[in-house]
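Following: one structure in structure tokens, then a few remarks.
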Amino acid sequence: MRFQFVDGFGTYNKGSGFDEWLQFHRRFYIHQQLEALQHLTNYYQDLGRYDMAYQYALRQIKMESLKESAHRQIMVLFAMTGRRSAAIEQYGICRRGLADELGIEPEPETVALFEQIKAGRICKKT
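Below, the structure written as structure tokens:
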């Protein structure tokens, strides 16, 4: 279940600006949540808690399926835990989502990471 900021409120006074205010604040708080989840992903990755890092990265994608930085985090986590094929598959999920939804290719940073993983330059941490 996804929480929406001020969910259930309607516009009672057309032209009051409430809808614009509400949309602005919803976007703001979603952005704040995504930033916090990204920091938590990095924190747990730095601690070597890849299971926790993965959970936080996945939550980012559940909130915003086209968030490339979260896809990259998952790709790195898979590669670092010896799941190279899963990392490559994650790139495919990201690429297809961007193509289907927006008609665009992944960012150069995402493509470069994919190439590094495919070439085996990001390996399992011991």
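Mapping to the numbering used here: the sequence shown position 13 is 16, numbers consecutive.
A virtual CB, placed ideally from N, CA and C, is assigned to each residue, including glycine.
Fair warning: this is a prediction, and the values are worked out from it, not measured in the lab.
Endpoints, the alpha helix (DSSP H) within which residue i is located
i: ARG86; result: Careful: ARG86 lies outside any alpha helix (DSSP H) and carries neither H nor E.
i: GLU112; result: 111-121
i: TYR107; result: The residue asked about is misnamed: residue 107 is Ile in this sequence, not Tyr. Here ILE107 belongs to no alpha helix (DSSP H), and DSSP marks it neither H nor E.
i: ARG30; result: 21-49
Within 7 Å, strictly: CB atoms of residue i and residue j
i: GLN63; j: LEU43; result: no
i: LEU40; j: TYR57; result: no
i: LEU69; j: LEU101; result: yes
i: TYR53; j: LEU80; result: yes
i: ALA82; j: ILE125; result: yes
Outcome for residue i when other beta-carbon atoms lying within 10 angstroms are tallied against a minimum of 16
i: PRO109; result: buried
i: TYR94; result: buried
i: GLN48; result: buried
i: CYS97; result: buried
i: PHE6; result: Any answer about PHE6 is weak, because its pLDDT of 49 lies below 50 and its placement is not dependable; what the coordinates show is given next. The residue in question, PHE6, is exposed, as its Cβ has fewer than 16 Cβ neighbours within 10 Å.
i: MET4; result: With a pLDDT of 42 at MET4, under the threshold of 50, the modelled position of this residue cannot be trusted, and the question is left open.
i: ILE120; result: buried
i: LEU116; result: buried
i: GLY123; result: exposed
i: ARG75; result: buried
Spatial neighbours of residue i in its chain, beta-carbon cut-off 8 Å, leaving aside the 5 residues before and after
i: ILE77; result: TYR57, ALA60, LEU61, ILE64, ALA90 and GLN93
i: GLY141; result: Any property of residue 141 remains undetermined from this structure, which presents the chain solely from 4 to 129.
is_contact[residue i, chain B] using C-beta, thresh 7 Å
i: GLU110; result: Checking the listed chains, one finds no chain B in this structure; it contains a single protein chain.
Own chain, CB closer than 7 Å to residue i, minus 5 neighbours either side, in chain order
i: GLU67; result: LEU37
i: GLU104; result: LEU69
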